[in-house]
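Peer 1:
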Amino acid sequence: MRSFWGSALAILASVWNVAAAEGAFVPPAKVIFGGDSTFQPMEWQDGDEARGFNVDIGRAIAQAGGATAVHHLGAWPDILRALNDGSIDAVPMYRSQEREKTLLLTDNYYYVYHAIFGQRGKASVATPTGLKGKRVTTEEGSYAHAQLVMQVPDAIVTPTQNTLSALQRVLNGEADYAAITALSAERLIQQHNFPLQQHGAPFWPASYVFAVHRDRPELAAWLNASLIKVNSSGAFSDIFQKWKPELVPREYGKNIMRVLSGVVGVLLTSLLFGSFWYWSTKRQVATRTRELRSMLELKDAAETKLKALANTDPATGLSRPTHFVAQVEACLKDVSENDHRESELLVVRLIDWSEVVRSFGFERASDFVKSFARIVLSRNPLASAHLGRGVFAMFIEGSAGAELVRELMAELKRVHVDFPAHLVGGSARWPLHGKDANLLMRYAETALAASVAQKQVWKLYSVDMEPSIRDIDIVSAFIEGNVKGLYPVFQPRVNLASGACDGAEVLARWNHPSYGEISPTVFVPAIERANLIGKLTDLMIDHALRVGKRLTDVGVECVMGVNIAARDLMDADLVERIEHAAKRSGTRSDLLQLELTETSVASDPVLAKQTLERLRTSGVAVSLDDFGTGYSSLSNLSLFPIGEIKIDKSFVTDMLHNPRHRSIVRSTLAMANALSLATVAEGVEDRVTLDVLKADGCTSGQGFYICPPLGEAEFIEWMRNERAHVHLAMPGDRIQ
Numbered sequence: 000m001r002s003f004w005g006s007a008l009a010i011l012a013s014v015w016n017v018a019a020a021e022g023a024f025v026p027p028a029k030v031i032f033g034g035d036s037t038f039q040p041m042e043w044q045d046g047d048e049a050r051g052f053n054v055d056i057g058r059a060i061a062q063a064g065g066a067t068a069v070h071h072l073g074a075w076p077d078i079l080r081a082l083n084d085g086s087i088d089a090v091p092m093y094r095s096q097e098r099e100k101t102l103l104l105t106d107n108y109y110y111v112y113h114a115i116f117g118q119r120g121k122a123s124v125a126t127p128t129g130l131k132g133k134r135v136t137t138e139e140g141s142y143a144h145a146q147l148v149m150q151v152p153d154a155i156v157t158p159t160q161n162t163l164s165a166l167q168r169v170l171n172g173e174a175d176y177a178a179i180t181a182l183s184a185e186r187l188i189q190q191h192n193f194p195l196q197q198h199g200a201p202f203w204p205a206s207y208v209f210a211v212h213r214d215r216p217e218l219a220a221w222l223n224a225s226l227i228k229v230n231s232s233g234a235f236s237d238i239f240q241k242w243k244p245e246l247v248p249r250e251y252g253k254n255i256m257r258v259l260s261g262v263v264g265v266l267l268t269s270l271l272f273g274s275f276w277y278w279s280t281k282r283q284v285a286t287r288t289r290e291l292r293s294m295l296e297l298k299d300a301a302e303t304k305l306k307a308l309a310n311t312d313p314a315t316g317l318s319r320p321t322h323f324v325a326q327v328e329a330c331l332k333d334v335s336e337n338d339h340r341e342s343e344l345l346v347v348r349l350i351d352w353s354e355v356v357r358s359f360g361f362e363r364a365s366d367f368v369k370s371f372a373r374i375v376l377s378r379n380p381l382a383s384a385h386l387g388r389g390v391f392a393m394f395i396e397g398s399a400g401a402e403l404v405r406e407l408m409a410e411l412k413r414v415h416v417d418f419p420a421h422l423v424g425g426s427a428r429w430p431l432h433g434k435d436a437n438l439l440m441r442y443a444e445t446a447l448a449a450s451v452a453q454k455q456v457w458k459l460y461s462v463d464m465e466p467s468i469r470d471i472d473i474v475s476a477f478i479e480g481n482v483k484g485l486y487p488v489f490q491p492r493v494n495l496a497s498g499a500c501d502g503a504e505v506l507a508r509w510n511h512p513s514y515g516e517i518s519p520t521v522f523v524p525a526i527e528r529a530n531l532i533g534k535l536t537d538l539m540i541d542h543a544l545r546v547g548k549r550l551t552d553v554g555v556e557c558v559m560g561v562n563i564a565a566r567d568l569m570d571a572d573l574v575e576r577i578e579h580a581a582k583r584s585g586t587r588s589d590l591l592q593l594e595l596t597e598t599s600v601a602s603d604p605v606l607a608k609q610t611l612e613r614l615r616t617s618g619v620a621v622s623l624d625d626f627g628t629g630y631s632s633l634s635n636l637s638l639f640p641i642g643e644i645k646i647d648k649s650f651v652t653d654m655l656h657n658p659r660h661r662s663i664v665r666s667t668l669a670m671a672n673a674l675s676l677a678t679v680a681e682g683v684e685d686r687v688t689l690d691v692l693k694a695d696g697c698t699s700g701q702g703f704y705i706c707p708p709l710g711e712a713e714f715i716e717w718m719r720n721e722r723a724h725v726h727l728a729m730p731g732d733r734i735q
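Note that numbering that gives the first Met the number 0 has the sequence shown beginning at 0, numbered continuously upward.
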């Protein structure tokens, strides 16, 4: 039953290493966030340090996605231009319809509002419409700038670079009022002791998002997935609590007291001056009361939106993961075990989600998600959630998870006939599997991983689905980049005609700090199932080129072979990865040979051929490893730019005693020679086998009889002593 636990680790890995889970997109090592250098408390430049609520959120997002955050703050118009030309990756800003047309935006993560600011004693302007004919300043390219142009076309608008300069214009008499973000303005007024004040109630509530250039949908998806992690992990809550004294408007109390003082003062005046002033005063009181009520209503609305944002995914209307778990926990408290009723926590996943994004684009894929969310809600579950990247959770009465998965898929196909993905699900039941919401959630996700691995529509959790602690530690080490004890060994091969060493295969070994020597048959499949094989491939390529450079420096040329997986071959950046590795090692990429399996070529022949052509152009040789164990014929594989095949050792080792294997090896060698393909026999364990292979026309041999895998120092010494040439021993002698 261990065959499917890797999918559970793959789901875990996709949460820890988000972008790598989607197609060829490689998660960024560094993300450059932009922002306003004077926009306190959201973001500002404090000497050499970027500070603020948005800055901390950006750092948390980068960390959640395995990247480093760099912040470039400056004048707002300059930041917008930098986002447009690509020198900045992402910028926190307010959501608007105009920006949705030109940029890619993440989910909302915070709300603020705007207000009018003017000099003390100046005639009060309570609403934006009161700015008609007035000289108004605001930040260039800001949300407020766009709203002023649309809603108050008669205002004389003068844009500035930032909030501080807008306040200074009002202070210097260059503008009558400033229409800007209230939170930042209040902070700057207090900090600089400006004789300015807020006029009227706040307006234009706006939601904060991160904006990305429209041509970078993969980055937008990565940012949004990382933002979801920040929310679900509690990191957002921690950051909010840190900045809460600055984020919660402290001027509410002052504004309210100011309004109330005015009201009381007016009432006293009305008593002193008699009935003549009564009706005038009543109108003023009514006006101030409306302003106060509007201010309080906006405050309540902002708090309600913040609470909803914390609990609900705005794109789908479904709960966020943490709120979903709380909802399930509340449901469980209302259910008595004596009721003899079952409840089921179901997690479903849109399989081939990366293909949906790649084929239809991020926006269309998002529409699919929203549509599916509506289908989920139409089933009236007790609770439902969007866990991100096409994964949903539902808590339902009864035990009909399998039927529900099929119903959901049928409805999705009915609504979207062209939808290419399909659903799989996994369930855990109360009270059968547990009485805790978090535990049920984990069990359901484990069952989902089993469904994916076994290619079944739905699975119910069972204890034998659990991965071993060792396997989890293996995957965790690669995710964290902490692969202590991982090292390469090198197995030479020789040309059977000349005895010259014509290459070496680089093999991964792992002396784990806790588990000791772990076999590659254990850790390689584990990280491959977790979609982390690319990390191991890059490490081995680095070792191969580095050692190849050491040999070249002492006058020995040796082509170094590295095994790559199907996922590596499907990576559009594979050639660039190799070129960067060659630059790091200071050597040539033609010292590298990639060894791939025939099944990896057959998985996507068109893309495989394109990648192999690019590899050949860059000078990287390609060998087909383990030939004979897959499903492709040699004649079909000749269509690809492959110069060599390696006959699997399962045929070579016992070919002298197994007529069938002997026939397979001989016919393979004959066909390869006819197609001008070089051949390498793996698993050469004795002299007789070597002689037979040589007589049958095999190009090279590799195996323990020739040389076992060697550590780096031993291998280099072996190569230097032999000067890359091995004399074939006499019959009965072992090659040293």
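Built from N, CA and C at the ideal position, the CB exists for glycine as well.
(1) When the distance is taken between beta carbons, is residue 576 closer than 8 Å to residue 541?
(2) Since residue 614 and residue 593 are thought to touch, with beta carbons under 8 Å apart, how far apart are those beta carbons, to the nearest angstrom?
(3) Can you give me the Cβ contacts of residue 717 inside the same chain, cut-off strictly under 8 Å, excluding the 5 residues immediately before and after it?
(4) In this structure, does DSSP put residue 704 in helix, strand or coil?
(5) Among the residues of its own chain, which have a CB less than 7 Å from the CB of residue 574, if the five just before and after it don't count?
(6) Can you tell me whether residue 703 is buried or exposed, with buried defined as 16 or more other CB within 10 angstroms of its CB?
(7) If you draw a straight line from the alpha carbon of residue 681 to that of residue 479, how long is it in whole angstroms?
(8) Relative to the C-alpha of residue 523, which residue among 570, 485, 92 and 95 is closest?
(9) Report the rounded CA-to-CA distance for residue 676 versus residue 449, giving the unit in angstroms.
(10) Could you have a look at residue 57 and say whether DSSP puts it in helix, strand or coil?
(11) Nearest-angstrom Cα distance between residue 29 and residue 611?
(12) Of all the options 659, 646, 683 and 694, which has the alpha carbon lying nearest to the alpha carbon of residue 671?
(13) Using C-beta distances below 7 Å, list every residue in its chain close to residue 134, excluding the 5 sequence neighbours before and after it, in chain order.
(14) Rounded to a whole number of angstroms, what is the C-alpha to C-alpha distance between residue 149 and residue 139?
(15) Use the C-beta contact count for residue 48: other C-beta atoms within 10 angstroms, 16 or more gives buried, fewer gives exposed.
(16) Quick check on residue 272: does DSSP put it in helix, strand or coil?
(17) Is residue 498 helix, strand or coil when you go by DSSP?
(18) Looking at C-beta atoms only, is the number of pairs between the region 230-249 and the region 47-64 that lie closer than 8 Å three or more?
(19) Pair every Cβ in the region 119-127 with every Cβ in the region 96-106, then say whether three or more of these pairs are closer than 8 Å.
(20) What's the gap between the Cα of residue 605 and the Cα of residue 650?
(21) I need the DSSP call for residue 617, collapsed to helix, strand or coil.
(22) Using only alpha-carbon positions, find the residue among 380, 199, 426 and 416 that is nearest to residue 401.
(23) Using 8 Å as the cut-off, can you tell me whether the region 370-389 makes contact with the region 313-330, which would need three or more C-beta pairs spanning the two stretches below that distance?
(24) For residue 579, name the three-state secondary structure that DSSP assigns.
(25) Looking at the unbroken beta strand (DSSP E) that takes in residue 415, where does it start and where does it end?
(26) Please check the pair residue 376 and residue 365, which I expect to be a contact at CB under 8 Å, by giving their CB distance rounded to whole angstroms.
(27) Residue 508 bridges to which residues according to DSSP?
(28) At which residue ranges does the region 148-212 contain complete alpha helix (DSSP H) runs of 4 or more residues, listed in the order of the chain?
(29) If you run the structure through DSSP and keep just helix, strand and coil, what is residue 503?
(30) Using the beta-carbon count (16 or more within 10 Å), is residue 152 buried or exposed?
(31) From residue 587 to residue 509, what distance separates their C-alpha atoms?
(32) Short check: CB of residue 388 to CB of residue 620, under 8 Å?
(33) To which residues of the same chain is residue 143 closer than 8 Å at the C-beta, ignoring the five residues directly before and after it?
(34) My guess is that residue 622 and residue 533 are in contact by the Cβ rule of under 8 Å, so how many angstroms apart are they, rounded?
(35) Throw me the rounded Cβ distance for the residue 505 and residue 539 pair, which I believe falls under 8 Å.
(36) Thinking just about the alpha-carbon of each residue, which of 475, 501, 220 and 482 is nearest to the one in residue 363?
Peer 2: With the structure as the only source:
(1) Taking 8 Å as the Cβ cut-off, residue 541 and residue 576 do not qualify as a contacting pair.
(2) Contact flag correct, Cβ pair sits at about 7 Å.
(3) Cβ within range, chain order: 491, 706 and 709.
(4) In the structure shown, residue 704 falls within a coil segment according to DSSP collapsed to helix, strand and coil.
(5) Listed in chain order, the non-local C-beta contacts of residue 574 below 7 Å within the same chain comprise 613, 614 and 617, local neighbours out to five positions each way being set aside.
(6) That one is exposed.
(7) When rounded, the distance between both Cα atoms is 34 Å.
(8) The residue with the shortest Cα to Cα distance from residue 523 is 485.
(9) Their Cα atoms are separated by approximately 41 Å.
(10) It is helical.
(11) Distance between the alpha carbons of residue 29 and residue 611: 29 Å.
(12) Closest in alpha carbon position to residue 671, among 659, 646, 683 and 694, is 646.
(13) Correct list, in chain order: 155, 157, 174 and 175.
(14) If you draw a straight line from the Cα of residue 149 to the Cα of residue 139, it comes to about 14 Å.
(15) In the assembly as shown, residue 48 is an exposed residue. Its beta-carbon has fewer than 16 other beta-carbons within 10 Å.
(16) Any reading at residue 272 needs caution, since the residue's pLDDT is 46, under 50, leaving its predicted position unreliable; the model's value is listed next. Three-state DSSP puts residue 272 in a helix.
(17) Coil at residue 498, not helix or strand.
(18) Taking 8 Å as the limit for Cβ pairs, the verdict is that the region 47-64 does touch the region 230-249.
(19) Between the region 119-127 and the region 96-106, the count of C-beta pairs closer than 8 Å stays below three; the two stretches do not touch.
(20) Taking the straight line from one Cα to the other gives about 29 Å.
(21) In the structure shown, residue 617 adopts coil according to DSSP, grouped into three states.
(22) The option with the nearest alpha carbon to residue 401 is 426.
(23) Judged by Cβ distances under 8 Å, the region 370-389 makes contact with the region 313-330, as three or more pairs qualify.
(24) Helix.
(25) Per DSSP, residue 415 is not a residue of any beta strand (DSSP E), being assigned neither H nor E.
(26) The beta-carbon distance between residue 376 and residue 365, rounded to whole angstroms, is 17 Å. This is too long to meet the 8 Å contact definition.
(27) Under DSSP, residue 508 takes part in a beta bridge, and its partners are 486.
(28) For the region 148-212, the continuous alpha helix (DSSP H) assignments of 4+ residues that do not extend past its boundaries occur at 162-170 and 181-191, in sequence order.
(29) Residue 503 falls in the strand class under three-state DSSP.
(30) Label assigned to residue 152: exposed.
(31) Straight-line Cα distance between these residues: approximately 27 Å.
(32) Residue 388 is not a Cβ neighbour of residue 620, given a cutoff of 8 Å.
(33) Apart from sequence neighbours up to five positions away, the residues of its chain that approach residue 143 with a beta-carbon distance below 8 Å are 113, 137, 178, 179, 180 and 203, ordered along the chain.
(34) About 19 Å separates the two Cβ atoms, so there is no contact after all.
(35) About 5 Å; that satisfies the 8 Å criterion.
(36) Distance check between residue 363 and each of 475, 501, 220 and 482 places 220 closest, using alpha-carbon atoms only.
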